[in-house]
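>
In our numbering, the protein residues as written are 1386 to 1609.
1) With distances taken Cα to Cα, identify the nearest neighbour of residue 1568 among 1584, 1583, 1594.
2) Could you name the residues of the same chain whose beta carbon sits closer than 8 Å to that of residue 1560, not counting the 5 residues immediately before and after it, in chain order?
3) Among the residues of its own chain, which have a CB less than 6 Å from the CB of residue 1437, if the five just before and after it don't count?
4) Considering only C-alpha positions, which residue in the set 1461, 1445, 1493 is nearest to residue 1423?
5) Find the nearest neighbour of residue 1471 within the set 1450, 1494, 1490, judged by alpha-carbon distance.
6) Touching or not, the region 1519-1529 and the region 1476-1490, by the rule of three or more beta carbon pairs under 8 Å?
7) Can you give me the C-alpha to C-alpha distance between residue 1604 and residue 1597, rounded to a whole angstrom?
8) Where in the region 1435-1504 do unbroken runs of the alpha helix (DSSP H), each at least 4 residues long, occur, reported from the N-terminal end onward?
9) Looking at residue 1486: is its Cβ nearer than 8 Å to the Cβ of residue 1500?
10) Which residue from 1592, 1458, 1576, 1539 puts its Cα closest to that of residue 1551?
11) Can you give me the start and stop residues for the alpha helix (DSSP H) that residue 1429 sits inside?
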């Protein structure tokens, strides 16, 4: 009796797998890929997303024949890794076009993908990324700390301004020859002084940075 039940169960499992595979074949014929979302349900009310998830989870238990059949459809065993590779490929194209990997906030690729969001995720997940992924990003000159980089760029422009003018009194709307809005950067430093590190304050002070231009102007006027 138990043997019959076991045999019946085996037949049901095979049938279920074949039904799932058949639905996946139809999905591929229609969409050209096997990237089935986890919650996807077919028009026939078949939970294909769940079936696909089970195949990934149970890959080590699947027969070589079933694995081969899934592979023949281009089955994606690790969609998270696939997505990472696709996004990295987009970043590589950006690098080849722009000559750097500094993706600005809100940037979208030609196909409408928000590459800036993915880049931000890599920075947030830096401590979780594998050494191999970090190295690949580093190979593109990936900027892990863009705010720090932006600050250094502004400071470098201020240094050049001081060398040329012998003072650090930058007007609010001043733009450099390189089209850098130095006046705006200087204003941000004044507003954020209380949040700034002592090291940055010291570096600005070393250039004779004017923290309160109104007070300074008054003092200069009074001295006359």
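Every residue gets a Cβ at the ideal spot worked out from N, C-alpha and C, and that includes glycine. Here the structure is a predicted model, which means the values were calculated and not measured.
Let me spell this out:
1) 1594
2) Closer than 8 Å at Cβ, skipping near neighbours: 1566, 1567, 1568.
3) Cβ within range, chain order: 1421.
4) 1461
5) 1494
6) yes
7) Per-residue confidence for residue 1604 stands at a pLDDT of 46, beneath the threshold of 50, marking its modelled position as unreliable; the derived number appears in the next sentence. Spanning the two alpha carbons is a distance of roughly 11 Å.
8) Look at the region 1435-1504 and you find these whole runs of alpha helix (DSSP H), each 4 residues long or longer: 1449-1457, 1464-1483.
9) At the C-beta level, residue 1486 and residue 1500 stay beyond 8 Å of one another.
10) 1592
11) That residue, residue 1429, is in no alpha helix (DSSP H); it is neither H nor E in DSSP.
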